[in-house]
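Asks: Just so it is clear: in the sequence shown, position 158 is 158 by full-length UniProt numbering, and no numbers are missing.
Glycine included, every Cβ here is placed at the ideal spot set by N, Cα and C.
Note that the coordinates shown come from a computational prediction; the quantities given were computed from them, not determined experimentally.
One structure, as structure tokens, below. Some questions next.
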Amino acid sequence: MFIGHFATVHPLRRYFPNTPAYVLTIGVGFLDIVFAVICALWHAEGVTVDPSEGKLGVQLHCDYSHSLVGALVFSTLYGFLAQVIVGGNDRQHFVAGFAASFSHWLEDWLVHNHDLLLDPWSRVIIGGTLLWSKYPLFATYAELLAAIAFGWFYVPEKERKNTYALVSNVILLVVFHYGNEVAFPRLATASLMQPTADLQNYGLAASMLFVFLTPAIILGYVFERRRRSSTDTKKNQ
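This is the structure:
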């Protein structure tokens, strides 16, 4: 799951119109950012090559960042960070940050192989559905179609009347989808070809940060400009 995570930003923007877009665009990839940090600093997560795993061709080891307990803990942490950084008296930014981050785990469950645990210690597997390994093409195109639908239909009310905004939503998501389909496998392969385990982990972590932070920053910039424009329009009315 990649572009499906960023597509979720659209309904989140609709339900949390006062939360800065960056909170949402970074939040939907926060668990993978945590994965990259754990991989680089402690080598406690990572991947091993396994062609039987289907689409990715690797087996994921994400016991801390992507276990259910880990996802809840890190999503709560992200919600607190969002609330503290953005400020305000209510708790909407906490809820928005938590929802953005935890949506990542829920969506991963739909497509992942059996690498999602209940917690990092019990080794109890609770997901995913094996869609990646059993039906990789279906997983790819279903995610893309869902992203297009979210970018067109589940957007803030004002954007639903703006054809330019709707078309640009879809174009951005499609471009990032295919960019990731091309870039990440090459980056990951290059990382795993490094001569030492440390270099492999550093390379994988850098690849993950690149593919998630690049669209997070670009989409965050675009959506935040729209949010502020909409806010300024309401103030001037």
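Excluding the 5 residues preceding and the 5 following Ser-191 in the sequence, name in chain order all residues of the same chain whose CB lies nearer than 7 Å to its CB.
Replies: Gln-200, Gly-203, Leu-204, Ser-207
Asks: Asn-113: which of Tyr-221, Ala-99, Tyr-64, Leu-56 sits nearest, CA to CA?
Replies: Leu-56
Asks: Could you please give the first and the last residue of the uninterrupted alpha helix (DSSP H) stretch that includes His-66?
Replies: Premise fails: His-66 is in no alpha helix (DSSP H) and is neither H nor E.
Asks: Here's the rule I'm using: 16 or more other beta-carbon atoms within 10 Å means buried, otherwise exposed. How should Glu-143 be labelled?
Replies: buried
Asks: Which residues share a DSSP beta bridge with residue 240?
Replies: Nothing can be reported for residue 240: it is not among the residues displayed for the chain, which extend from 1 to 237.
Asks: If you draw a straight line from the C-alpha of Lys-134 to the C-alpha of Val-111, how long is it?
Replies: Rounded to whole angstroms, the separation of the alpha carbons of Val-111 and Lys-134 is 10 Å.
Asks: What separation, rounded to the nearest whole angstrom, lies between the Cα atoms of Ala-147 and His-5?
Replies: The straight-line gap separating the alpha-carbon atoms of Ala-147 and His-5 is approximately 8 Å.
Asks: Short of 6 Å in beta carbon distance, which residues of its chain neighbour Gly-220, apart from the five on each side in sequence? Order them along the chain.
Replies: Ala-21, Tyr-22, Thr-25
Asks: Excluding the 5 residues flanking Ser-52 on each side, which residues of the same chain have their C-beta closer than 8 Å to its C-beta?
Replies: Ser-133
Asks: What residues in its chain sit with their C-beta under 7 Å from that of Val-170, if we drop five residues either side in the sequence?
Replies: Ile-148, Gly-151, Trp-152
Asks: By a C-beta neighbour count over all protein chains shown, 10 Å radius and 16 as the cutoff for buried, is Thr-19 buried or exposed?
Replies: buried
Asks: Do three or more CB pairs link the segment 57-66 to the segment 76-93 at distances below 8 Å?
Replies: no
Asks: Should Ser-122 be labelled buried (16 or more other beta-carbon atoms within 10 Å of its own) or exposed?
Replies: exposed
Asks: Looking at Leu-68 and Ile-125, is the spacing between their C-beta atoms short of 8 Å?
Replies: no
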